[in-house]
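Numbering follows the UniProt record's numbering, in which position 26 of the sequence shown is assigned residue number 26; successive positions increment by one, without gaps.
The next block holds one structure in the form of C-alpha cells; read it before the comments.
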Amino acid sequence: MSSRIDLRLTPSVSAGLIATLPWLALLAFVLTAATESRPWMLFFIPVAGAGALLHFRRFGLLRGKRSVTGLALEDGQLQARVTGREAIPVQPCRSSRLGPMLTLLKLRPTGSRLEAYYLILLAPEPLPGGNVCPDQFRRLRQWLRLGQSQSSN
1 MSSRIDLRLT PSVSAGLIAT LPWLALLAFV LTAATESRPW MLFFIPVAGA GALLHFRRFG
61 LLRGKRSVTG LALEDGQLQA RVTGREAIPV QPCRSSRLGP MLTLLKLRPT GSRLEAYYLI
121 LLAPEPLPGG NVCPDQFRRL RQWLRLGQSQ SSN
C-alpha cells in the first residue's frame, strides 16, 4: 500500500494575514496603552510592524530562509522542503492543531530537540486564498490523525 503524499504550498495572502494576527494584537494593545498616558509604549510600534512584516513574508509569501514550501510523506517518513535546503526529515509535534480548513503544524527535525519549523495550511475550498491542494491536504490530515506509527510520536 502506497502512502505517498506530496503537498506543495503556494503563496497565500490569507495565510500571511493569519500569521500576522498576534503582531496586530500587540499593535492594538500598544496603541491603546499609548493613548492612556503611556507614550513610551509607542516604542513598540516598529517592533510589532517588523514582526508582522517578517511573518507575512515567511508564512504568506513563503520567502525567507526558514520558509517551508512543501511536505512529502514516503514510507511513513515525513519530510519538509525548506527554502534553499534539501528535504529535512521531520516529526509533527503534539502542539500542532488540525482542522478541516486550517491546520497549524509544528514540525521538529528528526533527532533535534531545539529546532522547529512552523506551517499554516489553508484549504482552498470554502473561501478563496488557500495554499494547498485539497486532496493532498485531506490525506496529510488523515495521516497525522490516524496513520502515524507509535515510533513517530
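The C-beta atom is built at its ideal place from N, Cα and C for all residues, glycine as well.
Item: Cut-off 7 angstroms between Cβ atoms - residues of its own chain near Glu86, not counting five sequence neighbours on either side; Value: none
Item: Validate contact between the segment 69-83 and the segment 24-36 using beta carbons, cut 8 angstroms, 3 pairs; Value: no
Item: For Pro22 and Pro46, the rounded distance between their alpha carbons; Value: 14 angstroms
Item: Gly16 burial status per 10 Å Cβ neighbour count (16 or more: buried); Value: buried
Item: Range of the contiguous beta strand (DSSP E) that encloses Gly16; Value: Premise fails: Gly16 lies in the alpha helix (DSSP H), 13-35, not in any beta strand (DSSP E).
Item: Whole runs of the alpha helix (DSSP H) within the segment 50-96, excluding any shorter than 4 residues; Value: none
Item: Span separating the alpha-carbon of Glu36 from that of Pro11; Value: 39 angstroms
Item: Contact belief for Ala72 with Ile5 at Cβ below 8 angstroms, rounded distance in angstroms; Value: 7 angstroms
Item: Test item: CB-CB of Leu24 and Ala52 under 8 angstroms; Value: yes
Item: Contacts around Arg38, its chain only, beta-carbon distance under 8 angstroms, and the 5 residues preceding and following it disregarded; Value: none
Item: Host beta strand (DSSP E) of Leu105 (start-end); Value: 102-109
Item: Backbone CA spacing between Gly147 and Arg141 [nearest angstrom]; Value: 9 angstroms
Item: Ser151 in three-state terms, based on DSSP; Value: Note that Ser151 has pLDDT 46, beneath the 50 cutoff, so the model's placement of it is unreliable and the number below is only indicative. The answer is helix: DSSP assigns Ser151 an H, G or I state.
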